[in-house]
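Under the UniProt record's numbering, the letters of the sequence shown match residues 1 to 205, in that order. As structure tokens, the structure follows; a few thoughts come after it.
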Amino acid sequence: MAQPQHNLAIETSSRRGFLALGRGDEILEVLELPAKRRHNLDLVPTIDTLCRNHQLKPADLGEVYVSLGPGSFTGLRIAIATAKMLSLSLGVKIVGVSTLDLLCAQHPGSIVGLNVKRDTAWSAAPSAGLEPALRSLDEIRATDLPLIADTLEDAAPAEPDVRVLHRLGRAAAANNEYDDALTLAPAYIREPEAVTLWDERHGPE
Numbered sequence: 001m002a003q004p005q006h007n008l009a010i011e012t013s014s015r016r017g018f019l020a021l022g023r024g025d026e027i028l029e030v031l032e033l034p035a036k037r038r039h040n041l042d043l044v045p046t047i048d049t050l051c052r053n054h055q056l057k058p059a060d061l062g063e064v065y066v067s068l069g070p071g072s073f074t075g076l077r078i079a080i081a082t083a084k085m086l087s088l089s090l091g092v093k094i095v096g097v098s099t100l101d102l103l104c105a106q107h108p109g110s111i112v113g114l115n116v117k118r119d120t121a122w123s124a125a126p127s128a129g130l131e132p133a134l135r136s137l138d139e140i141r142a143t144d145l146p147l148i149a150d151t152l153e154d155a156a157p158a159e160p161d162v163r164v165l166h167r168l169g170r171a172a173a174a175n176n177e178y179d180d181a182l183t184l185a186p187a188y189i190r191e192p193e194a195v196t197l198w199d200e201r202h203g204p205e
């Protein structure tokens, strides 16, 4: 019987970044990126370290699962670019996972709100039949469900678990639900803050 393929999960959508190396459904090791990280400087070396810890090379990976956001502009951009590099240069298959879906799976029975801005949030609560949508904070709080959000004092923190990302990625891969490395993109929902400030100062191009 063939041995399960090795795989990698990359979660950098929040303030903390994590990698998980797996073999089939089993997680072999989780590594956190340095606390004062710059994703572009630390991500690839940490992947190399994680592989070396298990006598592997990145070329030995069969699949990579990457969080798509919404979340950190820089973290998402670098993680997805790295996943694309692994796919295009080494033939590693990609599964992109919505960070909102990840957190909903991580916190069943809760409502998750991300990208909180101007009294709205991109939110979902599968247990209550609420599909992903932009909702007002009043509407979100009116559900009376436990709230998971990234910047609200009355909410539990939104801290995506790379282990849940790995589980969701494995499930999608089992159904052959892979993404195209050429078209995969972050789910920003709103334009990044830097773009908004540029347009306010200079006008949109």
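Every residue gets a Cβ at the ideal spot worked out from N, C-alpha and C, and that includes glycine.
Bridge partners - residue i, DSSP secondary structure assignment
i, result
"R135", "A121"
"D179", "I94"
"A20", "A9, V30"
"L130", "A125"
"P157", "A149"
"I111", "L147"
Contact set for residue i: own chain, Cβ-Cβ below 6 Å, skip 5 residues either direction
i, result
"P132", "L100, A124"
"R15", "none"
Sequence-distant residues of its chain with Cβ nearer than 8 Å to residue i (five each side left out)
i, result
"S136", "D119, T120"
"L33", "T12, R16, G17, F18, L19, H39, D42, L43, T46"
"V97", "Y65, V66, S67, L68, L165, L168, G169, A172"
"K117", "R190"
"T151", "V116"
Same chain, Cβ closer than 7 Å to residue i, five either side skipped, listed in chain order
i, result
"L56", "H6"
"L28", "L21, G22, H54"
"G187", "Strictly speaking, residue 187 in this sequence is Ala, with Gly absent from that position. The residues are L68, G69, P70, S98."
Start-to-end residues for the beta strand (DSSP E) that takes in residue i
i, result
"A174", "Where A174 is concerned, there is no enclosing beta strand (DSSP E), although the alpha helix (DSSP H) it sits in stretches over 162 to 174."
| message | Report the start-end ranges of each alpha helix (DSSP H) in the UniProt domain "Gcp-like" (35 to 105) that is 4 residues or longer and not cut off at the edges. | response | Restricted to the UniProt domain "Gcp-like" (35 to 105), the alpha helix (DSSP H) segments that are unbroken, complete and at least 4 residues in length are 39 to 52, 73 to 90, listed in chain order.
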